[in-house]
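The structure under discussion appears below in the form of structure tokens.
Below you can see the structure in the form of structure tokens.
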């Protein structure tokens with residue numbers, strides 16, 4: 005009897021060498037890529053067109069790889085023209101057949117975002133929906149807002165649970181119908197005409213027939229919609245409903261979101277995606293604004309959770325989330341995911357102009373809390389590539405992250421009849437913040453070179469934990 009050969013990914017396979025001389029300490033391997041990568045740089049420094057292109061082309065190159073070693077890329081597109089960049093790159097790498105495109109022009113659904121949570125705890129679907137709320141309101145909020153967060157999650161939970169108990173397919177459209185047709189007050193609750201027309205009331209009856217009136221989950225749902233919510237003060241109940249409807253409503257008001265993510269006949273098969281495909285989420289934020297952010301951020305959360313639970317025996321391929329303009333997609337679960345994703349052979353490439361953008365995306369009234377959240381997130385990224393930047397916050401953060409070392413500092417004292425020189429060691433930064441402002445940004449004035457300072461844990465061939473290197477722009481004139 006033959007035993008199946010375990011399909012292993014070679015984590016030490018070299019993807020590229022930062023110095024170009026094949027020095028082993030300057031290698032960047034699959035193992036390194038799975039610790040996460042951050043790329044910062046002001047506009048026009050080549051984050052995507054130079055560094056992103058080099059990284060992506062090396063990741064996408066299938067030559068010499070076993071089928072289960074070919075990486076899956078999930079690409080979040082911010083600008084409309086970015087899709088052409090990826091089509092061209094897939095063609096150059098011979099990967100056109102691996103492209104899966106989610107487009108704003110599609111008439112067929114991708115998948116029902118909530119159908120994935122059928123048979124699971126209702127709270128799991130609530131967590132997915134809550135990512136939309138994080139996009140609507142920046143920051144953790146004040147302590148006084150904790151009550152509204154609890155009540156919002158409670159209502160979402162009861163809506164999801166009622167949807168599940170009724171036996172209807174779990175769907176954002178169904179949740180919205182339940183939400184808007186639930187009784188708001190005692191007057192509606194006691195109205196026979198209201199009960200006859202209310203979709204929520206019909207689903208309560210259907211759920212009772214299906215699971216029984218004494219089922220603990222049904223009791224929980226019935227108590228909420230019949231005995232609790234209708235008796236809240238008008239201002240309280242209307243505030244809670246506005247919070248839940250603000251999460252569900254974008255999927256109804258946007259035809260694109262409704263078509264792509266609320267239909268049960270979706271064409272995206274995750275089992276296929278995990279096998280070395282390239283998924284382009286071509287619903288650019290620059291074009292669709294809030295709807296684009298909602299769709300892509302919901303997709304990000306769902307795929308993050310699915311990556312955590314996929315079987316590496318069946319689907320060992322490395323998988324990367326490729327997120328340009330990352331600050332537009334930042335969500336509360338990102339830090340949690342980055343802390344555990346490596347064990348799922350998954351990670352992320354995060355591109356942003358500045359650390360200040362991340363602070364602004366998190367927002368909130370407490371700057372110290374915002375700074376702590378950003379530092380927590382970035383501490384989970386193993387490779388940091390810093391291009392030229394004029395942002396003080398970014399340059400200071402990068403300098404501090406690289407750390408300090410003892411330097412000999414000389415001093416000279418000159419008097420009327422004598423002079424003396426002395427030297428002493430001082431603990432100073434290895435890279436000063438202003439050095440990031442002086443990096444070359446390409447073009448003829450820089451001989452078509454884009455400079456970068458790369459940092460990581462461990463050491464490069466220089467003996468330091470950072471390395472200065474340069475990348476040749478792809479459109480540079482051919483050198484002799």
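Numbering (the working numbering), first residue to last: 5 to 484.
Ideal Cβ placement from N, Cα and C applies to all residues, glycine included.
Remember, predicted model here, so these are calculated numbers, not experimental data.
Query, Result
"Pairwise C-alpha distance: residue 300 and residue 337", "14 Å"
"Span of the beta strand (DSSP E), counted from its first residue to its last, around residue 278", "Per DSSP, residue 278 belongs to no beta strand (DSSP E) and is neither H nor E."
"Segment contact, 8 Å Cβ cut-off, at least three pairs: the region 232-250 with the region 204-220", "no"
"Own chain partners of residue 10 with C-beta closer than 7 Å, once the 5 adjacent residues on each side are dropped", "none"
"8 Å contact criterion, which residue 113 and residue 265 should meet: CB distance rounded", "7 Å"
"Check: residue 168 C-beta below 7 Å from any heavy atom of the ligand MG", "This structure lacks the ligand MG, and indeed carries no ligand of any kind."
"Residue 495 burial status per 10 Å Cβ neighbour count (16 or more: buried)", "Here the chain comprises residues numbered 5 to 484, so residue 495 is not present and cannot be evaluated."
"Residue 96 beta carbon less than 8 Å from that of residue 61", "yes"
"Close-in-space but distant-in-sequence residues of the same chain around residue 442 (CB under 8 Å, 5 per side omitted)", "392"
"Local conformation of residue 286 per DSSP, three classes", "strand"
"Proximity winner among 53, 73 and 43, relative to residue 19 (alpha-carbon distances)", "73"
"Among 386, 343, 446 and 439, the one whose alpha carbon lies nearest that of residue 463", "386"
"Closest by C-alpha distance to residue 216, when choosing among 170, 150 and 190", "170"
"As assigned by DSSP and simplified to three states, the class of residue 390", "strand"
"Environment of residue 359 [buried if 16+ CB atoms lie within 10 Å]", "buried"
"Presumed contact (8 Å Cβ cut-off) between residue 350 and residue 323, rounded CB distance", "4 Å"
"Candidates 174, 175, 354 and 191, of which the one nearest residue 304 by Cα", "354"
"CA nearest to the CA of residue 431, picked from 88, 325, 404 and 17", "404"
"Distance, residue 411 Cα to residue 138 Cα", "45 Å"
"Start and end residues, beta strand (DSSP E) containing residue 323", "323-327"
"Contiguous alpha helix (DSSP H) assignments of at least 4 residues, all confined to the region 41-89", "57-64"
"Segment contact flag, the region 256-263 with the region 45-55, C-beta cutoff 8 Å, min 3 pairs", "no"
"CA-to-CA distance, residue 396 to residue 233, given in whole angstroms", "50 Å"
"Alpha-carbon spacing of residue 151 relative to residue 161, whole angstroms", "15 Å"
"N- and C-terminal bounds of the beta strand (DSSP E) containing residue 19", "18-21"
"Buried/exposed call for residue 296, threshold 16 Cβ in 10 Å", "buried"
"Buried or exposed by the 16-neighbour rule on C-beta atoms within 10 Å, applied to residue 64", "buried"
"Cβ shell of residue 314 (< 8 Å), same chain only, five flanking positions each side left out", "274, 278 and 348"
"Cβ-based neighbour list, residue 89, same chain, cut-off 6 Å, excluding 5 preceding and 5 following", "none"
"Coil, strand or helix - residue 436 by DSSP", "coil"
"Per DSSP, cross-strand counterpart(s) of residue 355", "43"
"Cβ pair count under 8 Å reaching 3, the region 332-346 against the region 370-390", "yes"
"Whole-angstrom distance between residue 94 and residue 467, CA atom to CA atom", "37 Å"
"Alpha carbon of residue 326 to alpha carbon of residue 59, nearest angstrom", "11 Å"
"Run of the beta strand (DSSP E) containing residue 105, from where it starts to where it stops", "103-107"
"Exposure label - residue 183; buried when at least 16 CB within 10 Å", "buried"
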